[in-house]
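Heads up: the structure comes next, in structure tokens.
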Ligand code: RP5
């Protein structure tokens, strides 16, 4: 059985809708992953137990999403020595600025790679890129992902030239 290389964890199941985007990316690239709900505050014992044992289980990267007073990625990074990617979840009261600042402002010595608010897709891609540094097959898949992405943008610009702004926007609305 293949090893779980990336763990996707989140402070609450209310984060799952956003964090699923990271899981989708990992699955699309064929990266074995696990998904867990663990909170730095509400389940601190279980979070500690998980973070302290992750390295022995072979986990290479942890993606941690949290909102509000978002301590989870930092707490995980304190106990897990390999890359931790933090996803600030958009909060109800402060639109995720609280989450972003809580995650990004780590003290020197314990980094968390922070992506944009709700940008779990980039967290998934960053995890794949980290793994690709020692996995040429994954690096090839990343190349083809970027080629497809580039082609789809270039197609849009051609379509825009052909249709003009008004028609293009009408089609977009449909
Ligand atoms: C954080 O509190 C979670 O990451 C979540 O974004 C936020 C709200 O949690 P719930 O009240 O929805 O469970 O710990």
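In the numbering used here, the protein residues as written are -14 to 159.
C-beta: ideal position from N, C-alpha, C; glycine also.
Unbroken beta strand (DSSP E) run spanning residue i, endpoints
i, result
"residue 18", "18 to 22"
"residue 73", "69 to 74"
"residue 46", "46 to 52"
Presumed contact (8 Å Cβ cut-off) between residue i and residue j, rounded CB distance
i, j, result
"residue -6", "residue 49", "5 Å"
"residue 88", "residue 58", "5 Å"
"residue 111", "residue 98", "6 Å"
"residue 74", "residue 51", "6 Å"
"residue -11", "residue 18", "6 Å"
"residue -9", "residue 16", "6 Å"
Buried or exposed (CB count within 10 angstroms, at least 16 for buried), residue i
i, result
"residue 29", "exposed"
"residue 0", "buried"
"residue 31", "exposed"
"residue 47", "buried"
Delimiting residues of the alpha helix (DSSP H) encompassing residue i
i, result
"residue -6", "Per DSSP, residue -6 belongs to no alpha helix (DSSP H); it is in the beta strand (DSSP E), -9 to -5."
"residue 111", "105 to 117"
"residue 78", "Per DSSP, residue 78 belongs to no alpha helix (DSSP H) and is neither H nor E."
"residue 55", "No alpha helix (DSSP H) contains residue 55, which DSSP labels as neither H nor E."
"residue 33", "29 to 39"
"residue 172", "Missing from the structure shown is residue 172; the chain here goes from -14 to 159 and no further."
Those residues which DSSP pairs with residue i across a bridge
i, result
"residue 98", "70"
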